[in-house]
């Protein structure tokens with residue numbers, strides 16, 4: 275297993291090969307990227323990022339947060355962007371351009387136009403994303419300088435700089451580079467994600483950009499992205515908080531000459547590869563989880579589709595369950611409590627609970643087990659919880675981070 | 275203002291007089307209580323509590339958690355208790371008797387019968403409540419000894435012992451004793467509550483017992499209790515976690531000879547008094563909130579009834595908002611984010627946000643204000659947030675605790 279695909283929850287794929295180790299750079303053919311320092315972050319770290327395809331045939335799809343308080347760039351992208359043919363993406367970190375009103379919308383549009391000029395495409399083909407503090411106007415002088423500098427710095431190996439420039443409270447880089455052997459030929463896929471807090475199971479709550487040199491229609495981009503989001507960023511929770519700014523974009527330059535036709539074996543294999551990348555990136559976001567020590571996975575079976583979803587999220591978002599995960603405490607009573615909270619008026623409930631394969635609760639009642647063995651089993655980096663509800667058929671999983679002192683420190687001291 | 279009614283969110287009432295200061299004891303006429311040490315808590319603190327009315331005419335009402343994983347005593351009370359004429363209540367702390375199956379139910383029934391014998395009433399007139407660890411069988415030998423000892427210790431001034439014996443992670447006592455001047459005469463009301471964690475806005479998530487020597491029908495008990503719960507325990511959140519065991523019981527002995535008739539001025543005045551007591555007790559639970567430093571109140575206006583409720587709970591349960599409250603950080607962007615998360619697909623949303631009366635966001639966009647003055651304003655014990663949504667008519671409030679290091683410490687180290 276490669277260093278990138280590190281989680282036991284992402285199955286290795288024979289046709290997917292990681293390109294190099296950490297630190298290696300290089301985008302798929304037809305893409306250039308850059309990340310520069312524009313002075314938006316007090317730390318002086320990179321904070322303006324740009325990615326652009328040189329191919330006029332580039333296709334794409336984009337998905338955004340469902341929040342009712344969407345940031346200006348999200349509103350702009352939804353209203354003024356050709357989501358099926360995004361050629362360039364401009365991103366800033368350090369300021370979310372959210373709750374900034376009409377002036378914020380104008381600023382997002384100015385960013386779009388600056389990036390269009392810097393990359394030589396029509397503004398409607400430029401997506402914009404901002405992440406950082408809410409409710410503070412964008413310092414447009416710095417944005418102008420930053421986007422121009424990023425345009426000049428665009429390079430085929432600019433993915434690491436890009437990745438650095440989109441981060442905020444991230445403790446480590448979240449970046450993938452793989453080669454995918456398809457029946458019709460070999461393609462490359464790269465991806466850069468950011469996110470550590472304000473991560474909710476309800477879709478992304480982060481930024482993630484995926485590039486491939488495969489050739490495919492915008493409809494295929496939409497199909498692959500929406501299926502993969504459902505199985506990755508839609509299934510994670512750091513703190514149950516839906517962000518104002520979540521954006522996920524897939525771009526296909528077509529520069530490899532390998533065409534991925536609808537309903538082909540190529541499409542299936544490429545989908546598997548993007549799925550693995552996005553699941554691993556999502557797990558890295560959970561692992562980063564603003565000071566997280568351990569990652570949990572809750573798998574709920576039985577009942578109906580709505581119920582298993584609600585129960586899985588109730589467990590994953592429970593601060594009591596999360597604190598127990600942090601403390602390596604196999605406190606399954608809190609799992610039972612979180613399940614019950616999500617299924618009001620259903621008592622008594624004949625549920626089974628297993629932790630790391632050990633049955634601790636059967637038909638709603640405790641099962642005698644070795645607490646020391648179980649305590650040792652939950653002390654690892656990844657802990658698995660299984661809940662079986664009465665009935666069968668439906669199934670839902672959610673990945674979640676723990677709740678520890680570092681989360682409190684980061685979020686009690688992170689400045690407005 | 276008396277020491278008990280300490281919050282600015284509970285308006286003083288001219289016809290309600292607090293009886294004595296902290297440490298003073300004494301129940302309304304017709305009640306006796308006790309709290310003893312039975313060895314359920316490793317600390318050796320009191321852990322079995324009993325309260326009983328000597329009046330055969332005692333009336334009552336009881337309300338329970340809506341959880342789908344209700345503890346055995348809750349199931350027992352719902353199935354085998356005359357909720358309109360509860361004469362005695364037996365409680366243990368240190369063990370929730372939850373997720374304990376049929377044997378747990380039998381144990382709860384044995385507790386009911388033991389308390390019936392100890393107090394001389396029919397078992398169906400005894401309510402049972404247990405609080406503590408989930409999924410561990412009740413040590414019945416200790417329960418038997420404890421209930422018998424409590425029966426012998428019953429005393430008119432046993433309310434403080436009772437109050438101590440129902441506590442778990444509580445940092446301080448939550449107990450009220452007031453005299454209420456009604457048009458028809460003077461009555462006494464006492465109350466004892468416990469709760470610090472697993473506190474959700476969805477009803478009680480705690481134990482609270484209220485006694486009065488007023489004479490009233492079971493229907494009046496039900497009316498007063500349900501209205502007061504709606505305005506108190508239904509409006510608080512420590513961690514958004516609905517417990518398996520929440521129980522609130524109001525008992526009226528009638529021993530004062532003052533009759534409270536339906537729809538009378540007496541009923542209104544007594545309701546105001548119980549409302550004030552239960553609101554203050556609910557605020558004390560939030561204040562205790564497993565290590566909480568500050569209490570927040572979010573008031574949401576506008577929209578419709580369902581929306582304001584959902585938005586208020588989204589803000590109150592947001593770990594980001596709670597961590598900012600802990601850090602005395604007037605980070606209103608997190609309020610905007612939590613509102614947006616509760617109103618998907620409604621962007622752009624013209625919402626106003628005020629913190630401690632300072633308008634920080636108007637029509638969805640930031641308002642320039644003095645950040646230093648605001649930071650000073652949110653450093654107190656109680657912080658008020660107001661959210662105005664488009665439209666008008668509905669209004670909802672939720673009280674919530676902050677999220678700090680102490681919460682993590684308590685919940686990462688609290689043993690299964």
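Chains as they are written, first to last, in our numbering: chain U, 275 to 690; chain Z, 275 to 690. Think of the CB as a built atom: it goes at the ideal place given N, C-alpha and C, for glycine as much as any other residue. Computed from a predicted structure; not experimentally measured.
Does DSSP put residue i in a helix, a strand or coil?
i: residue 490 of chain Z; result: coil
i: residue 292 of chain Z; result: strand
i: residue 685 of chain Z; result: helix
i: residue 368 of chain U; result: strand
i: residue 596 of chain U; result: helix
i: residue 431 of chain U; result: coil
i: residue 337 of chain Z; result: strand
i: residue 348 of chain Z; result: helix
i: residue 652 of chain U; result: coil
i: residue 473 of chain U; result: For residue 473 of chain U, the predicted model reports a pLDDT of 45, less than 50, meaning its position is unreliable and no value from the coordinates is stated.
i: residue 671 of chain U; result: strand
i: residue 571 of chain U; result: strand
i: residue 285 of chain Z; result: coil
i: residue 320 of chain Z; result: coil
i: residue 478 of chain U; result: Per-residue confidence for residue 478 of chain U stands at a pLDDT of 31, beneath the threshold of 50, marking its modelled position as unreliable; the derived number appears in the next sentence. Reduced to three states, the DSSP call for residue 478 of chain U is coil.
i: residue 328 of chain U; result: coil
i: residue 561 of chain Z; result: helix
i: residue 308 of chain U; result: strand
i: residue 456 of chain Z; result: strand
i: residue 464 of chain U; result: strand
i: residue 279 of chain U; result: coil
i: residue 374 of chain Z; result: strand
i: residue 603 of chain U; result: coil
i: residue 620 of chain Z; result: coil
i: residue 395 of chain Z; result: coil
i: residue 645 of chain U; result: helix
i: residue 389 of chain Z; result: helix
i: residue 612 of chain Z; result: helix
i: residue 585 of chain U; result: helix
i: residue 298 of chain Z; result: coil
Provide the residue(s) that pair with residue i in DSSP beta bridges, ordered along the chain.
i: residue 640 of chain Z; result: Z/635
i: residue 658 of chain U; result: U/571
i: residue 400 of chain U; result: U/362
i: residue 627 of chain Z; result: Z/635, Z/661
i: residue 483 of chain Z; result: Z/466, Z/523
Consider the Cβ of residue i: report whether some Cβ of chain B lies at a distance smaller than 8 angstroms.
i: residue 631 of chain U; result: In the displayed structure, chain B is absent; the protein chains listed are U and Z.
Against residue i, what residues of chain U qualify as contacts under a CB-to-CB distance less than 8 angstroms, listed in chain order?
i: residue 623 of chain Z; result: 342, 343
i: residue 480 of chain Z; result: Going along chain U, no residue has its Cβ under 8 angstroms from residue 480 of chain Z, so there is no contact; the nearest lies around 14 angstroms.
i: residue 600 of chain Z; result: 682, 686
i: residue 368 of chain Z; result: Here the premise fails: no neighbours, minimum Cβ distance about 13 angstroms.
i: residue 486 of chain Z; result: Correct list: empty, because the minimum Cβ distance to chain U is about 30 angstroms.
Can you pull the chain Z neighbours of residue i, defined as C-beta to C-beta under 7 angstroms?
i: residue 707 of chain U; result: This structure cannot settle anything about residue 707 of chain U, because the visible part of chain U is limited to 275 through 690.
i: residue 382 of chain U; result: None at all; the shortest Cβ gap to chain Z is about 12 angstroms.
i: residue 336 of chain U; result: Result: empty, since nearest Cβ-Cβ is about 15 angstroms, beyond 7 angstroms.
Which residues in chain U sit within 7 angstroms of residue i, going by Cβ to Cβ distance?
i: residue 373 of chain Z; result: 607, 610, 635, 638, 639, 640
i: residue 597 of chain Z; result: 682, 685, 686
i: residue 617 of chain Z; result: 342
Quick one: list the residues of chain Z neighbouring residue i, beta-carbon separation under 8 angstroms, in chain order.
i: residue 620 of chain U; result: 342
i: residue 349 of chain U; result: 621, 622
i: residue 469 of chain U; result: Ordered by position in chain Z, no residue passes the 8 angstroms Cβ test against residue 469 of chain U, which lies about 14 angstroms from the chain.
Below 9 angstroms on C-beta distance, what does residue i contact in chain U?
i: residue 521 of chain Z; result: Within chain U, no residue comes near residue 521 of chain Z; the closest Cβ sits about 14 angstroms away, beyond 9 angstroms.
Under 9 angstroms between beta-carbons, which chain Z residues line up against residue i? List them in chain order, please.
i: residue 533 of chain U; result: The contacting residues do not exist; residue 533 of chain U stays about 35 angstroms from chain Z at best.
Quiz prompt | Inside the region 492-542 of chain U only - alpha helix (DSSP H) runs reaching at least 4 residues | solution = You should have 492-504.
Quiz item: Given a limit of 7 angstroms on CB to CB distance, which residues of the region 413-439 of chain U reach chain Z?
Solution: none
Quiz item: Between the region 631-660 of chain Z and chain U, which residues of the former have a C-beta closer than 8 angstroms to a C-beta of the latter?
Solution: 634, 635, 637, 638, 639, 640, 645
Quiz item: Given a limit of 7 angstroms on CB to CB distance, which residues of the region 297-327 of chain Z reach chain U?
Solution: none
Self-check item: Whole runs of the alpha helix (DSSP H) within the region 406-450 of chain Z, excluding any shorter than 4 residues
Solution: 414-427, 433-439
Practice problem: For the region 547-564 of chain Z, enumerate the residues whose C-beta is nearer than 9 angstroms to any C-beta of chain U, in chain order. | Solution: none
Quiz item: Closer than 9 angstroms, Cβ to any Cβ of chain U: which residues of the region 440-465 of chain Z, in chain order?
Solution: Flagged: no residues at all.
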